[in-house]
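Chemist: Here it is, the structure, as structure tokens.
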Amino acid sequence: MDQVRPSAIRDLLALGADPAILSFGGGYPDATLFPKALLQDVFRDAIADPSGDPLQYAPSDGLPKLRAQIAALMTADGTPTAPEDVLILQGSQQGLDFAAKMLVNPGDTILVEDPTFLGALIAFAPAQPRYAAIPMDADGMDMDALEAALRATPSARLLYTVPDFQNPTGATLSLPRRQRLIDLANRHDLIVLEDTPYRHIRFAGDALPTLKSLDTQGRVIHLGSFSKILVPALRIGWAVAAPPLLEKLSLLKVAADTQTSTLNMAATSLFLERHDLWAHVATLRAAYARKKEVMLQAIRQHFPQEVTVTDPQGGLFTWARFPQGFDATAFLRDHALPKARVAYVPGGTFFATSPQPNHARINFSAQSEDRIRTGIAALGHCLKDHLSCP
15 MDQVRPSAIR DLLALGADPA ILSFGGGYPD ATLFPKALLQ DVFRDAIADP SGDPLQYAPS
75 DGLPKLRAQI AALMTADGTP TAPEDVLILQ GSQQGLDFAA KMLVNPGDTI LVEDPTFLGA
135 LIAFAPAQPR YAAIPMDADG MDMDALEAAL RATPSARLLY TVPDFQNPTG ATLSLPRRQR
195 LIDLANRHDL IVLEDTPYRH IRFAGDALPT LKSLDTQGRV IHLGSFSKIL VPALRIGWAV
255 AAPPLLEKLS LLKVAADTQT STLNMAATSL FLERHDLWAH VATLRAAYAR KKEVMLQAIR
315 QHFPQEVTVT DPQGGLFTWA RFPQGFDATA FLRDHALPKA RVAYVPGGTF FATSPQPNHA
375 RINFSAQSED RIRTGIAALG HCLKDHLSCP
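In terms of my numbering, the sequence shown has 61 at position 47, counting the first letter as 1, and numbering is strictly consecutive.
Structure representation (structure tokens):
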């Protein structure tokens with residue numbers, strides 16, 4: 015437990031609930047786009063089911079119908095999947111916890127992107143791992159650096175990646191690098207944990223194959239989620255993996271919570287049966303594409319020129335880089351919050367081995383376009399004052 019420390023995510027969830035703070039912090043979708051009326055209908059009908067099944071216990075690996083529906087979604091996305099390949103999770107975050115419990119002993123090395131998803135580091139921490147952090151660029155993880163790290167740490171067993179619109183940078187792993195990653199995993203006896211919560215929130219460029227679809231030896235554990243494409247409160251995620259891995263994950267599921275909420279699974283299944291999920295996702299893509307452009311335009315207008323940000327093809331975030339010596343945590347505490355009344359996630363906590371405090375993750379999906387303009391203008395004013403007179 016010494017390795018389990020307070021989370022910036024937990025603190026930012028609290029900030030997100032404070033109406034006085036304009037938060038670009040959490041990975042929140044736009045709540046105004048939640049299909050509330052449709053969800054109300056499916057929950058009402060699930061509760062009214064005369065069999066009472068949606069209110070009863072369910073199989074620990076998930077409702078069979080929902081597993082079949084997720085398998086169909088995966089197959090349509092180019093990853094052939096059977097219902098028995100799917101384990102329903104309490105959000106894909108649970109899959110991160112299970113993978114570490116299953117594969118990592120104290121002192122083992124996990125290979126991660128540099129920077130990587132903070133929530134994954136929190137999930138992995140109780141397993142007491144070491145980390146090998148692999149540098150990234152606009153095309154994702156550097157495969158030459160990954161190969162060098164694998165040679166240096168031949169006992170490494172797990173690689174964690176967010177290949178589509180990576181959290182926090184927004185980068186997407188290119189197709190040649192995806193292919194090489196699978197080749198390296200095969201040659202070095204490596205399990206790959208592919209986390210894809212943002213995969214379907216693409217608003218530019220062509221979709222790339224999942225790592226799971228390129229997997230020829232059953233090495234990839236694929237994690238998916240409805241949190242960003244439907245609503246987070248359902249807490250419905252899933253894992254797709256080869257039978258030996260999925261069986262162990264299923265045992266951990268029983269130990270952790272017996273099963274995911276039957277009612278939430280039944281309502282999700284009814285939603286998928288009755289409504290066009292991809293029509294809803296198309297609405298999200300269009301809205302988030304506009305918001306990203308509004309944010310980047312505001313940043314170009316109001317931020318100092320020495321601050322750079324990424325321009326992702328999808329997802330929910332842009333990644334800011336400030337001048338060397340800038341401390342994004344101190345600036346948030348001393349300037350952004352008290353003066354601009356704006357929050358973001360300081361970037362240092364996303365680095366597994368060597369924190370780089372001159373970064374920040376900024377979310378563009380949760381706030382309205384007007385509030386994005388207002389918040390970025392206020393933050394930019396603070397930045398200009400601070401950088402001109404530190």
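Glycine included, each C-beta is placed from N, C-alpha and C at the ideal position.
Opposite H373 in the DSSP bridges: which residues?
Modeler: Its beta-bridge partners are R335.
Chemist: Under a Cβ-count criterion, where at least 16 other Cβ atoms within 10 Å of its own Cβ denotes burial, should L265 be classed as buried or exposed?
Modeler: It is exposed - the Cβ of L265 has fewer than 16 other Cβ atoms within 10 Å.
Chemist: Taking a contact to mean a Cβ-Cβ separation below 8 Å, would you say A354 touches A312 in this structure?
Modeler: No.
Chemist: Are the stretch 105-121 and the stretch 130-142 touching by the rule of at least three beta carbon pairs closer than 8 Å?
Modeler: Touching, per the Cβ criterion.
Chemist: Pick helix, strand or coil for P360, following the three-state DSSP scheme.
Modeler: In the structure shown, P360 sits in a strand (DSSP, three-state: E or B).
Chemist: Distance cutoff 8 Å, beta carbons only. Does A51 sit that close to anything in chain D?
Modeler: As a matter of chain content, chain D is missing from the structure shown, which is built from one protein chain.
Chemist: Note down the Cα distance separating D99 from V18, rounded to an integer number of angstroms.
Modeler: Going by the C-alpha atoms only, they are around 32 Å apart.
Chemist: Please list, in chain order, all residues of the same chain as S65 whose beta carbon is under 6 Å from its beta carbon, the five residues on each side excluded.
Modeler: No residues qualify anywhere along the chain.
Chemist: In whole angstroms, give me the CA-to-CA distance for D75 and L110.
Modeler: If you take the alpha carbons of D75 and L110, they lie about 16 Å apart.
Chemist: Helix, strand or coil for I35? Go by DSSP, reduced to three states.
Modeler: Reduced to three states, the DSSP call for I35 is coil.
Chemist: Please list the terminal residues of the continuous beta strand (DSSP E) segment that includes T175.
Modeler: Per DSSP, T175 belongs to the beta strand (DSSP E) from L172 to T175.
Chemist: Between which residues of its own chain and V245 is the CB-CB distance below 6 Å, once the five residues before and five after are set aside?
Modeler: Excluding residues within five positions, the ones whose Cβ falls inside 6 Å are F48.
Chemist: For R144, which beta-bridge partners are listed by DSSP?
Modeler: According to DSSP, R144 bridges with T123.
Chemist: I want to know whether the stretch 302-321 touches the stretch 268-277 - three or more CB-CB distances under 8 Å.
Modeler: Contact between the stretch 302-321 and the stretch 268-277 is absent, because fewer than three Cβ pairs lie under 8 Å.
Chemist: Can you have a look at T224 and say buried or exposed, based on whether 16 or more other CB atoms are within 10 angstroms of its CB?
Modeler: Label assigned to T224: buried.
Chemist: Buried or exposed, going by whether 16 or more other CB atoms sit within 10 Å of the CB of G92?
Modeler: So G92 ends up on the exposed side.
Chemist: So who's on the other strand from Q104, going by DSSP bridges?
Modeler: Its beta-bridge partners are I250.
Chemist: Return helix, strand or coil for R387, following the three-state DSSP convention.
Modeler: Note: R387 maps to helix in three-state DSSP.
Chemist: Look at the Cβ atom of L228, then the Cβ atom of R192, and state whether they are nearer than 8 Å.
Modeler: Taking 8 Å as the Cβ cut-off, L228 and R192 qualify as a contacting pair.
Chemist: Does the structure place the stretch 152-166 close enough to the stretch 380-394 that three or more beta carbon pairs sit under 8 Å?
Modeler: Short answer: they don't touch.
Chemist: With respect to the alpha helix (DSSP H) encompassing I136, which residues constitute its N-terminal and C-terminal limits?
Modeler: Where I136 is concerned, the enclosing alpha helix (DSSP H) stretches over L132 to F138.
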